[in-house]
Structures are given as C-alpha cells and as structure tokens.
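Protein chains in written order, with the working numbering: chain A, -15 to 342; chain B, -15 to 342; chain C, -15 to 342; chain D, -15 to 342.
Ideal Cβ placement from N, Cα and C applies to all residues, glycine included.
If you're wondering where the values come from, they're calculated on a predicted model, not measured in any experiment.
See structure below.
There are 4 protein chains.
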Amino acid sequence: MTSISVTMETINVAVLGATGMVGQRFIQGLVGHPFFEISDLTASSKSAGKPYSKATRWYLDEHIPDEVKDIIVKDTKPENVKADIVFSALPSGIAKVVEPEFAKSGATVASNASAYRMAEDVPLLIPEVNPEHLEMLEVQRENRGWDGAIITNPNCSTVMAVLPLKPIYDNFGIEQVFVSTMQAVSGAGYAGVPSMAILDNLIPFINKEEEKVEMEGLKILGEFDGSKIVPADFTVSASCNRVAVIDGHTESVFVKTRDASDRGGIDIRAVKRVMREFKAIPQELGLPTAPENPVIVREEADRPQPRLDRGTQNGMAVTVGRVREDPILDFKFTCMGHNTIRGAAGASILNAELLVKM
Amino acid sequence: MTSISVTMETINVAVLGATGMVGQRFIQGLVGHPFFEISDLTASSKSAGKPYSKATRWYLDEHIPDEVKDIIVKDTKPENVKADIVFSALPSGIAKVVEPEFAKSGATVASNASAYRMAEDVPLLIPEVNPEHLEMLEVQRENRGWDGAIITNPNCSTVMAVLPLKPIYDNFGIEQVFVSTMQAVSGAGYAGVPSMAILDNLIPFINKEEEKVEMEGLKILGEFDGSKIVPADFTVSASCNRVAVIDGHTESVFVKTRDASDRGGIDIRAVKRVMREFKAIPQELGLPTAPENPVIVREEADRPQPRLDRGTQNGMAVTVGRVREDPILDFKFTCMGHNTIRGAAGASILNAELLVKM
Amino acid sequence: MTSISVTMETINVAVLGATGMVGQRFIQGLVGHPFFEISDLTASSKSAGKPYSKATRWYLDEHIPDEVKDIIVKDTKPENVKADIVFSALPSGIAKVVEPEFAKSGATVASNASAYRMAEDVPLLIPEVNPEHLEMLEVQRENRGWDGAIITNPNCSTVMAVLPLKPIYDNFGIEQVFVSTMQAVSGAGYAGVPSMAILDNLIPFINKEEEKVEMEGLKILGEFDGSKIVPADFTVSASCNRVAVIDGHTESVFVKTRDASDRGGIDIRAVKRVMREFKAIPQELGLPTAPENPVIVREEADRPQPRLDRGTQNGMAVTVGRVREDPILDFKFTCMGHNTIRGAAGASILNAELLVKM
Amino acid sequence: MTSISVTMETINVAVLGATGMVGQRFIQGLVGHPFFEISDLTASSKSAGKPYSKATRWYLDEHIPDEVKDIIVKDTKPENVKADIVFSALPSGIAKVVEPEFAKSGATVASNASAYRMAEDVPLLIPEVNPEHLEMLEVQRENRGWDGAIITNPNCSTVMAVLPLKPIYDNFGIEQVFVSTMQAVSGAGYAGVPSMAILDNLIPFINKEEEKVEMEGLKILGEFDGSKIVPADFTVSASCNRVAVIDGHTESVFVKTRDASDRGGIDIRAVKRVMREFKAIPQELGLPTAPENPVIVREEADRPQPRLDRGTQNGMAVTVGRVREDPILDFKFTCMGHNTIRGAAGASILNAELLVKM
C-alpha cells in the first residue's frame, strides 16, 4: 500500500455512487473522520456537474453535512477523482466495470458492491474476522498488474451472522448453520421496496440474497494459503425475508458445531462467553470505526430488536440474544445489526482503516 | 356424541370469550353457518348482562353482524349456556378451569385454548391431518366421566407448518424440521402488541410459542394406539418472531425427510405435487368451512405474502411457496396462513363440523 | 349516446393502462359486470403482445381473474380497441394525447386521469352529485367534432369530501371549506411511495393535489347553464398529507355554511340527517356499482378508520364520523373512502353505468 | 423561589412516574444535566422498593443509563423524596391529587400532566413564549399557602403550533387558527395504541385532545395582569388524529391574522422571516435544554417529516415547512416536533431551567 500515507495527515478519499442510501451512509461515516478527508463525490452522469446538495435527496436525519454540500459531483471515472482510497457504493453491474479502472489507476477501492466479493484474489473482509486475508492483495496486484487494489466487505446479511459465528468457529468448530433472515427495507436502496409491498406484509424473497449468505461466510472464515482461499468446511442454508423495518437485519440462526456434537452437547454459557469476549485486531489497534465489542450478547428474552439495538456502538456492533440449546443441533440464537452501517458503509470504512494501519 | 344431532336441524352453539379477537372471528365464521346457530355468547363478568354490541368493541371490518348484536352476554358458566357445542376463545388460564366444567355438564367444547392440547386423552385435531384421533374421545369420556368432551385445535403457528408437512410425512417420512416464524400481531390479541413495540421493529420472541411448535406437531402426526397417542418420531426446532403484519403467520421451514435422505436427494416436483394433491376427509365430506385445497402451492418467487394470500379460500388454505432444495437437509419452503381463521376460530369450527358429520 | 346500446346485451369495454394499480381495480370492478364485458386491455408498448397475466404484476388479493388472464395486451391506440366504452387509467400526460384520439374514433372515454377534468366542455362527474352535467356532452361533441366523448371522475381526495358536502350544499349552502387530508399510499400508484419514505413517517405534501381539491369541487357543484359550468360560489383550502395506510383517504373537514351562519349556528343532527338520507339518481336507477347509501354516518367517537371502513358497500360508500360543532365555522367532521375504488376505478365505472342508463 | 439554589452546585431533582414513556424521557434529559442531579425516582406502589432497572421496562434505545439503574424506586409521596424540583410524568388523575402534596411540602413541581394546566394561578409555560407568566407563582403561593409551587407545560400538540405562532402573534396578530393534527403513537404512552389499531390505519380521534389544543394556546399567549391571565383574543379549531408514527406530531395549520387581513394579504416571506428570527429568553440565557432556534423553517416542498426532523436540535426545535398563502385565510403551513421531548419531558426540564435562572 505504498500509495497510502500512515502519518497523521489525512488521506483523500472519494465516494463512488455518493447520492444513494449507502453513499449517504459513507458520507455520514467519513465527515470528521480522523484518517480521511472527502475530496471527491461521484454519481451517474445526470448528477455530474451539480453541487452535492442539488444532486442528492438526503435520506438521513436533518441536513446534508456542510462539509460536502458544495462539492461538485463528478461522473464516476478515475480521471475525475484524485483520492487515494475510493469507497464504492456502486450498483454491482456498474461496479464490475468501473472498480477495476480505479484500481488500475492506482486507487484502493473499498467496495460495498458484490461484483468482486467472490473473486479468487479479492479479499472479502471483516476486519475482526479475517484481517490476514489482506495478504491476498499482493497476489491480486501481481495477477492483475494494478497499482491500486480492490477490497470488499460482505453482504449485509452475511456480516450479521459471521461476526458472532467467528468465536464459535474458533472455539468449537462449525458443521451446519441454518439462517432465516428478516431484513430491513433500506437494504434494497431508497426506492427498492414500495410501501404498497410491505405495509401489513412481508416478502419471503430477496433476489440472489440466499446464495450470498450461503457462500460468503465460507470464504471469510476460510484460510489464505499464500495463493488462494481454502473455504471453511461447513454448510450454510439460508431463507431470506424482507420485513417492514427501516434499518437493521435480524436473523434466526441454528448451529451445529464440530466439538460439541462430539461431546454430547454444548455449554450455552461458554457460547455466550466466547461471543462476549470476542475482540480482534480492529479493537487492539483502536480503529476509529471499530466498536468496542463487535458482538454484544443480551440476556433479555425479547432482544435484539432492530429499532432499539441497531444504533449500538454507532451501528457497528452486532447484538445477539436468545442464545439457547437447540433440540436438533447444538444451539440457536438471534442476531441483529445495522445493515447500512455494519452491513455496508461502516464495514467498508473499517476495512480502509485496517488497510491504513496495517 | 349422542348429544349432537346430525339431522339437518341446526345445532345450538355458544362462543365462550366472545368479545376478543378470536371470539369475533368465531362469530364471523358462525353467522349464517349451515349446521350451527349461535344461542349464547359469554365473556368476563364485567361484560355479563350487556347486549353483545355494548359488551364488545368490534375489531373486524364494518359492523357487528345483526344476528348477534342483541344477544345478552353471560358470565362464562355452564348453567348460563344451553348450547350443545361451545367454542372456546378463552385465555388458557381460564380455559383450564372452565372447559372441564362445560364438558362435565354435557357440552362438547371445541377449544382454541392451549390448556388441554397436550393432555393425553384430548384430541389435538386438524381435520385434514388426524381425524382418526377423534376416537380418543371415548377414552376421554371414560377417564373423566364426562357426558361432553373437549377437542382442541393446535397453536396458530403449528397448523401452518403441519398442514403442508402432512403429505410429506405420509410420502417421504420426516426426520428433522427447522421453523423460523414471522407472526402477525393479531396472534397476541387485540391489545397484545403495542404499536410502540412493533412499528419499524420486530420482536424475536413469543412467550411459550416455540415449545408449542416443537411439541404439538408430533402429537398431531402421531398414532392413536387405542389408548394413547404415540408421537411421531421426528424433531422440530423453532424460532418464533413477531413482525408488523396484522393477520397471517409466515414461516421459513427446512425439512429432512427419511426416504429422500436414503436416496440421495429429493425430487422438488414430487414435493410440490403431493402438497398440491393433498385432500382429506373434510374435503370429501364437503364440510362447510373446509377449503377446497388445504395447501396451495405457488410458483412465483415472492409468494406467499400475508396481505395477498391470507384470505385464500376464506382464510382456510395454507399457501406454500419457494419450495426448493436445501443445501444441508432435503428441501426448504415458506408457508403462510391466516392465524385467527385457519389458526384459531376457523380451525375450531372445522373441528366441530367434522365431529357433527362423523 | 347513439353508439351505446341500452338493451340487455353487454357492451364491450376496454381498460387503457390496465397493468397498474387503478387498471387492476378497473378489472376487478368489471369482471362479472352485468352491463360490461372486457374486450380489450391496453398498456405501454413494452407490455403489448403479451397475455395480461404475463404483462402485469397482480397487486390485489389472490389471483388474476381467469376472465382476463389470457387477453393479449395491446398498445394504447384506438385502432387496437373495438370497445364502445374505454376506461382510462392512463397517466395524465399520456391521457392528454391519447384520450382525444379514442373520443375521435367514436369511443366514450370514462377517464380517471386528471388531464381533461377541468376542461370547459368535459363533465367532471360524480353520478350522485351532478348527473345533469352529462348534458355537456352535446357541447363537447359539437365543439370538438367527436363521435365519442370524454367524461371524467374527480381526484380521489375530492370525491371523499364532495359526496358528503353535496347534501350540505343543497340544504344549507356552503361558504368555506378547509380540508386536511391523510391519504393512502396506493393513491401514488404501486411504486409511488417507497417504504423508506413512509414507515414511521408521513409526508406533508402531494404534488398538485391541493390545487385539485381546491378547484374540482367547485366545478362539480357548479351549474351547467347550457353552454358552460358556472362554478359553485365558495372557497376551499386544502392541505394534503400522505400517511402509512394502504387504501383509504381520510380527511378532516371544517365547513362554513351560508344559512346556518345567518341563523347563528347549525343543528348537528340536521347535518347528519341530510347526509344519511342523501340518495340520488344512481340509487334510484339501481346502478350496479352504486352503493345503497353514498354517505354512511357513524356515531362512534373513533370512526371512520381506513382499515375498518374502506370496504363499506364494496368500497363505494364514503364513511363520515365525528360530525360536531366548530368553534370558528359551523361544523367539522371526518370523512374517509376507498381511494382506488370510490376515488378512481369504481367512480369511472359508475360514470359509465349512468351514461348507459341515461 | 427561595428554596432553589442558583449557584453552580447541582440541584436535587426527582422524577415522579419514572417508569413510563415520559418518565424515561425525563431521565434521558436529566442524566448529565449541568444544573440537576437525579436523587429520587418514584412510581406506583407495585414498583416501589425495586431498583429502577427492575422496576421499568426501558423503551428507548440501548440501555438504561448507569446513573439511575440502581436507584431504589419509591412510592410517589412527598416524604419519600428529598428533591427541590420534582418532574411529574404522572397520569392526570394521580397528578391532580399528588402534585399539590409535593408543592405543599416545599417542592417545585414541573409537571407534564394536564391536571393543573388550566388552573387560574398555575403557569402554563413555554419558556420561549410566556416566561413572564412565572410571576403568577407569587399569586399561586399566596392563594394556596404553599412553600413550593406547580408549573406546567402544555399538551404535546399545543406546543408544536404555539411556538411558530408566537412570532406571528407578536408581529401580525391572530384571529383564527385551524389545526388538523397527525399525532405519533408515543403520545398515548407505551401501551396506549395497540398495533392492531394503527397498522395500515389511522384513528381520527384522541380523547380530550382537541379541547386542550383549542384552549391552552389562548392561555399561553394571554397576558398576566398581576392577578390572573387574560386569554389571547382569537379562536382555535382543532381536529386530532393518530397515525402510524412512533415519535413526532405533525400539524396542518391555517391562520387568519389581524393585520394582514386589514392590508389585503400577507407577505409569506415576512411570515417565514419572523419565524426564523424568533429567539427568546431561553436562547439569551443559554439554557442547557434550549434549542438554538426554537423554530426551524424549511423550504423543501415535502418537509417537515417526523422521522427525519424530530431529532432536530435534540428534539427541542419545532420544524415548519410549506408556508404558503391560504385561499380563504392568510396563510397555511405544516409544523412538526418531537412529542415526548419538546412536547413533554424536554418542555418540563426547560421550564425548570428557566425557573432556576430567573
């Protein structure tokens, strides 16, 4: 990462696709950031040339931050952007084409898009889970002849399950995971779910979501053998549903471990303990966006709840509750996290922070 | 059932607990019924003595039916009720005490309460699934020395899963079932879920619900050996959630069969076919409340949806969708049905219809 | 109306813009209609050529009616349509161009679009309120040289207020009306209001809606003097809001009458009586879509409510409640009606029924 | 106010009725407050004796503040409370009895209850609007022989309209005001509005609310003549509605001024200017809870919106939008504010801050 300064000087960053939901969450997370300074915002050509305040319809609370209001939005092309790190909130189809152009031009792309998540030489990163996968960047640069790089964060539903499963995987091994999700409408973008579709209703389907949840965790928990990832050796089955919640994906998870099954049962207290005690490199390094505790375990019978818990630790902690024995497998629990922060913009920012500090 | 006439004359019926949500659904289902005529309505003592229109706050569309408006509500005691069949929408605690009193006095109690569902000599009935369990009534009468009887219908979440699982059980056998529910607020009664609790939110917990879903299905699919039920030999794990839907419980279900696992996989078309073709005694007898098809299988990727599908066949059909292979077990699917009709009042009425006709 | 048969034979009708929300409500209202038979369905060119079941995404309960499933959707052009009456659910911009083409070709266009509502020679019709405005059609045909004609129904918010105000206007005169609306999301079309915009929220603005509510009622209650409408002589002020309701527009209305103000106050019982007793030509003629009572007045303190009352009389009645004295003007009340039935498709169908019978 | 210290030492305060919605908002506003320190929390006798964390079910985000978790809740009696100022979140019926007992015992009661709002010698205070009404306290003490006192804040719907109307009243005079409200469910307390009542629905009635909105503003904008309040000389008509919003009351307001009507119309820019420039004593004194601007005027066509704007200036600013000419009166606008902060707990705390500083 020779192009990235690790001194106290701030690093210029850009947000690609800055006018949408996730783009706005990027801005929210980057304004006032100790490492980063927003130098460029890009969007589709119909927004290009306008000040950001005219180009976007601000969806979040109150007003557009003053720091970005007057930045002139540019077309999403490398030559329009001077930033060392570019955060990508692009739709996957566009990301597929554009992100490599930025990487080629020397920028580090911290992408929330799904386009390159499963690519063999692209890290699919949760800083608390697989920071060592950053080593893949050397392979990536060599393979692709890029000065820059692409790193990605997982799908918003993947991260909510994988964070609490990491200490389980490390301590007990995992054989099977069933996940049934109840996902917030913001996950589909501002206009993604019409109100007619979701008021007094739910939709038991999200396009390509189950495939992502079933695949991504295995890569994230896999091992980098110096040239490629050897995926983790367990199986995930997902059923994904959309519910009338603004922000916060909630998931019912059922887990079969390797060890506990051998020993005839699992100690629920041990499960909760390893989740609670779980800390990792972002916490050790004190990365600005890192939550103090990546996983919060609550004891109340009726938590986590999206409206009450999604803001925990600035939206970067996953809250777990209802950890209990499972009559078929070993244990089951409910987890919930903020899908456009921990599951999107915050995840990418934390990835970039890790990159800067490592 | 000597006390029950099977001629064309209508049978007098009462609704116990007539002023609540399920009580109103009973009235809706019984007004104009070809077999039954409402003779009595009961409620708590503070409603007793008032005409029904003053005693209740009508929650359903439009107006209280004229047929019941002026019925004077009575205290829930056998001596106040002349009906041969009493439909019980009582809270479980009260049902526990009062239902046996009615049974003793000679009435047949068709109960939606959970109090006696798991009692050894009480049928837990889904007319399409285990009509032969009605034979238990002889044991019940003998045991308890009653002239009347108690029959029960399952919990509203149980029935949505068990109806589509019945043809699976018969054709392929079942070993494991995982269920994650997304349940409507009406399941908790009119005032059960405050709006503050559920707007832009969900609650990942329903008191005692998972236990019911995990137990009841085994009894229903069990065999009556002449003296008791031998429960079905499989295991259910449930995770129950409340979502911002008025009516209609939706469930993500994951199934491991016996046969398919032996044969290295299941034919999804066969699964859908046996569900679609599933008909049973209520359909053969043409019971008035029986749906033409107990299980509707839809092919659209995003169905069933509670607002669109809960009214199917007057709320008595369960709609299934997204039947697909499961990467761990054999197959998974989503099912949905109207919780206060198929899952409560309609279920009890269908039970009573079966009793009358058999 | 020489082109329209008034015998018992059914009349061929088409729905223009058949794939949207209002288009589907037209189909729902026309299937099985005693006067009309759907012969053609049109939509945009990208749907043309497909069977209706493939061209539309059915938003209403259960399934697409069998009667229309296989009708091949055509491009919205007169030469593609053989119907005598065409129901228009077109967007206003397209309606502006296309409706005259249909009228010119000889069809009677019963339009829900706003394009021609305020045109001098086009009836803006509520059959219970101003059936005599149909006389304008002669002027229209003469002016425009059309064989066919255009008739329109009012904006969905207008009709909910004007129906109950009609008997007030006739009995007491009207000087001032203030209306604050709480409108359902279906009024904006299926994808018109994103869920992100309305969950735990409301939007105090609907584009061009206040202007319509302030103008249309004056035309409807105006007098046709043989050549043009002399608008009613009172003033309306509207404030329009969107709320998280699927169907049913609710309105707080404050009214100053002419007579009562002279007499130092109004008799609230008289207001309720004239609303309750209000019947008109559609009721006398027994038009199939006409509600028995156009205005239902309820006495409960907390009615009308959209979810409970919108279905009243098949969605064609307006429910009024909370009729009470106003401390500034004469009286105030709340009214509510089904916006895509009484306020759109049902209104156009009733218009056409009137035309057929008169 | 001899009993209240105005040095930098903190003042002991209690929250009466600390376990409900408004009680929790009081705690949220008082923890870390520069003037106040919570010494006592009271609730009904069934909570008395328990630590606060066991006595309450915390409804707000994340966790109960550590500062109050272990405070032992007491019965709501003066002898149990050592505080100089007591904040009352009591239900009105209980407040009626209990608040005078506290005042008699020497405490200053800053009450959110409606019991004494309209009492002749009790200030109904909005610190930005009528701080001079605090002078009434002398009359109150004399009348009632109390060492302490009662001050009240208005109903949550009143304050949202009166704050923006204050600069209008001062600059243009007011003759008539029509208000139609769309109020959040939190206004009814945590369990006040069942989800069954409000999902896909609204309720056009709130018990006794319209009377409050119609009366309270006149007292607040009235003049204290040394012995009593001479109410402001205009009339308010209100229509109050409950909608599916968690927090934030929105109101459509129509205004007839005195001056503008004389001059044949009002300058909308002047209306917006006086609202925007409006500041008062709390802003001058820099009271900790005072918003920088009590009234925010936005220019976007579709603001204010409760979810986006209720948090403005910590929930203490009222946001106004859509200021425009009215075809009947002079102008109309929409206003919105946080009902349990600016409309309840925050209002009482600001009252107490004013009292301390004056």
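For residue 316(B), the nearest CB of chain A lies under 7 Å from its own CB, placing it at the interface with that chain. Residue 142(D) is not a Cβ neighbour of residue 106(D), given a cutoff of 7 Å. Residue 215(D) has a beta carbon lying at 7 Å or more from every beta carbon in chain C. Around the beta carbon of residue 18(B), fewer than 16 other beta carbons lie within 10 angstroms, which makes this residue exposed. Going by DSSP, residue 5(B) is part of no beta strand (DSSP E) but of the alpha helix (DSSP H) stretching over 5 to 14.
Rounded to the nearest whole angstrom, the CA to CA distance from residue 210(D) to residue 126(D) is 13 Å. The beta-bridge partner set that DSSP reports for residue 221(D) consists of 162(D). Beta-bridge pairing by DSSP links residue 226(C) to 167(C) and 187(C). Assignment of residue 127(C) by DSSP, reduced to helix, strand and coil, places it in the helix class.
Counting only the Cα atoms, residue 118(B) lies some 20 Å from residue 79(B). Any Cβ of chain B closer than 7 Å to the Cβ of residue 162(A) would place that residue at the interface, and such an atom is present. Under the rule that a run must span 3 or more residues, the beta strand (DSSP E) segments found entirely inside the stretch 130 to 157 of chain B read 133 to 136. For the options 278(B), 61(B) and 341(B), the alpha carbon positioned closest to that of residue 147(B) is the one of 278(B). Counting along the chain, residue 27(B) sits inside the beta strand (DSSP E) bounded by residues 20 to 27. Nearest CB-CB separation between residue 183(B) and chain C: below the 7 Å threshold. Rounded to the nearest whole angstrom, the C-alpha separation of residue 82(D) and residue 283(A) is 37 Å. Around the beta carbon of residue 305(A), 16 or more other beta carbons lie within 10 angstroms, which makes this residue buried. DSSP places residue 94(C) in the uninterrupted beta strand (DSSP E) bounded by 92 to 95.
A Cβ of chain D is located within less than 7 Å of the beta carbon of residue 295(A).
With a 10 Å radius around the Cβ and a threshold of 16 neighbouring Cβ atoms, residue 191(C) comes out exposed. The C-beta of residue 45(B) comes closer than 7 Å to at least one C-beta of chain C. Against chain D, a Cβ distance below 9 Å from residue 175(C) picks out nothing, because the smallest value is about 17 Å. Within 9 Å of the CB of residue 120(B), no CB atom of chain D is found; the nearest one sits about 35 Å away. The beta carbons of residue 57(C) and residue 73(C) sit about 13 Å from each other, so the pair does not count as a contact at 8 Å. DSSP places residue 103(B) in the coil class of the three-state scheme, outside both helix and strand.
Residue-level contact by beta carbon fails for residue 304(D) and chain B, as no gap is shorter than 7 Å. Residue 292(B) reaches chain C at 42, 43, 44, 45 and 46, counting residues in chain order whose Cβ is nearer than 9 Å. Residue state for residue 305(D) is assigned as strand, using DSSP reduced to three classes. If you draw a 10 Å sphere on the C-beta of residue 285(A), you find fewer than 16 other C-beta atoms in it, and that means exposed. Contacts with chain B at 7 Å (Cβ-Cβ) do not include residue 144(A). DSSP, read as helix, strand or coil, puts residue 86(A) in helix. Of all residues in the stretch 184 to 210 of chain B, those with a C-beta nearer than 7 Å to a C-beta of chain D are 184, reading in chain order.
By DSSP's assignment, residue 321(D) forms a beta bridge with 233(D). Contact between residue 129(D) and residue 86(D) does not hold, since their C-beta atoms are separated by about 14 Å, which reaches or exceeds 8 Å. In this structure, the CA atom of residue 237(A) is about 20 Å from the CA atom of residue 261(A). Within 10 angstroms of the beta-carbon of residue 7(A) lie 16 or more other beta-carbons, which makes it buried.
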